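Novice: Sharing a structure below in structure tokens format, with a few things to ask.
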Amino acid sequence: MRTPLIAGNWKMNGLRSDAVRLADELARHLPDLHGVEVVVCPPFVHLEAVKQPLTGTAIAIGAQNCADAALGARTGEVAAEMLADLGVRHVILGHSERREYYAEDDRVIAARYQRAMASGLVPILCVGETLEQRDAGRSEAIVEAQIRGITDLIGADGLGAGVIAYEPVWAIGTGRTASAEQAQSMHRFIRECLATIEGHDGAAERRLLYGGSMKPDNAAKLLAMEDVDGGLVGGASLNAEGFAAICAAVPRG
Ligand code: 13P
1375 MRTPLIAGNW KMNGLRSDAV RLADELARHL PDLHGVEVVV CPPFVHLEAV KQPLTGTAIA
1435 IGAQNCADAA LGARTGEVAA EMLADLGVRH VILGHSERRE YYAEDDRVIA ARYQRAMASG
1495 LVPILCVGET LEQRDAGRSE AIVEAQIRGI TDLIGADGLG AGVIAYEPVW AIGTGRTASA
1555 EQAQSMHRFI RECLATIEGH DGAAERRLLY GGSMKPDNAA KLLAMEDVDG GLVGGASLNA
1615 EGFAAICAAV PRG
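My numbering numbers the first residue of the sequence shown as 1375 and each following residue consecutively.
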């Protein structure tokens, strides 16, 4: 059985006091969790600060990226070992904002993935097409290429317990969410694609998250889809009440 996962990507938002306040509010809104895993991914510099308010809750802490190399001479980077040492459990990798603004390609994302795995972190690998690609009827080809671009480099076994997040670029921060049917159709396609890479059993167990303008008012429909195992939530994760409502929208088996 795939345990649903809701991850909040805080992106580059909030000063330290905001992060602590949000974590405090989350601890109050989500004191205990049943049948759903919840993780929040603050900016690196706030990771330490959110630990204390989240202590004693079931909310895990994730990061938004990790270095593609082990500890050493990589000015400006943060190693997966450092994150694991802080108590971080998950790491978002290959987010479309990283691909677009920081020119991250499959090679560097694959290396980051391997470093994350080697440190015991759970990677959340993001894939998704742009509007132009969707309009050209290339959504599936693009998403498949993004997945194979990583598995060709790390091998099917290298995926480990990693999670894949389908985030159509046109739905991120735009308020224009994919319909539940569009999300389900792509998630089904991703699972079929994974089955050819890692075999049916591995693909059947892999968690697939949807991301892109997931909100309290559309979460239940998206999360009810058979192959949607959770969400990667951006803007709506910055409001504790809204994020808690999304977590509560997870269907209980
Ligand atoms: P929004 O929920 O703000 O659209 O962001 C989605 C996202 O990019 C999560 O990683």
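Glycine included, every Cβ here is placed at the ideal spot set by N, Cα and C.
Given the structure is predicted, the values throughout are model-derived calculations rather than measurements.
Taking the C-alpha atoms as reference points, what is the distance between residue 1473 and residue 1503?
Specialist: Walking along the sequence shown from the start, residue 1473 turns up at place 99. Walking along the sequence shown from the start, residue 1503 turns up at place 129. In a straight line, the C-alpha of residue 1473 is about 12 Å away from that of residue 1503.
Novice: From what residue to what residue does the beta strand (DSSP E) around residue 1582 run?
Specialist: Position 208 of the sequence shown, counting from 1, holds the residue named residue 1582. Counting along the chain, the beta strand (DSSP E) containing residue 1582 begins and ends at 1582 to 1585.
Novice: Note down the Cα distance separating residue 1615 from residue 1400, rounded to an integer number of angstroms.
Specialist: Within the sequence shown, residue 1615 is the residue found at index 241, counting from 1. Within the sequence shown, residue 1400 is the residue found at index 26, counting from 1. Cα-Cα distance, rounded: 8 Å.
Novice: Which word fits residue 1487, buried or exposed, when buried means at least 16 other C-beta atoms lie within 10 angstroms of its C-beta?
Specialist: Locating residue 1487 in the sequence shown gives position 113, where the first residue counts as 1. Its Cβ being crowded by 16 or more others within 10 Å, residue 1487 is buried.
Novice: Would you decide whether residue 1411 is buried or exposed? Buried here means 16 or more other CB atoms lie within 10 Å of its CB.
Specialist: Numbered from 1 along the sequence shown, position 37 holds the residue referred to as residue 1411. That one is buried.
Novice: Going by the C-beta, is residue 1630 closer than 7 Å to any heavy atom of the ligand 13P?
Specialist: Nothing about residue 1630 can be read from this structure; the chain reaches only from 1375 to 1627.
Novice: With a 10 Å radius around its C-beta and 16 neighbouring C-beta atoms as the bar for buried, classify residue 1610 as buried or exposed.
Specialist: Translated into the one-based positions of the sequence shown, residue 1610 becomes position 236. Residue 1610 comes out buried.
Novice: Given 7 Å as the limit, tell me if residue 1606 has its C-beta closer than that to any heavy atom belonging to the ligand 13P.
Specialist: Sequence index remark: in the sequence shown, residue 1606 carries index 232 (1-based). It does: the Cβ of residue 1606 is within 7 Å (strictly closer) of some heavy atom of the ligand 13P.
Novice: Do you know offhand how far residue 1427's Cα is from residue 1379's?
Specialist: Sequence index remark: in the sequence shown, residue 1427 carries index 53 (1-based). Sequence index remark: in the sequence shown, residue 1379 carries index 5 (1-based). Distance between the alpha carbons of residue 1427 and residue 1379: 21 Å.
Novice: Does DSSP put residue 1437 in a helix, in a strand, or in coil?
Specialist: The residue labelled residue 1437 in the question sits at position 63 within the sequence shown. Residue state, collapsed to three classes: strand.
Novice: Between which two residues does the beta strand (DSSP E) carrying residue 1411 extend?
Specialist: Position 37 of the sequence shown, counted from the start, is the residue given in the question as residue 1411. That run of the beta strand (DSSP E) goes 1411 to 1415.
Novice: With hydrogens ignored, establish whether the beta-carbon of residue 1521 is closer than 7 Å to any heavy atom of the ligand 13P.
Specialist: Within the sequence shown, numbered from 1, the residue matching residue 1521 stands at position 147. Checking every heavy atom of the ligand 13P against the Cβ of residue 1521, none is found closer than 7 Å.
Novice: Please state the DSSP three-state secondary structure of residue 1546.
Specialist: Residue 1546 sits at position 172 when you count from the first residue of the sequence shown. DSSP places residue 1546 in coil when its eight states are reduced to three.
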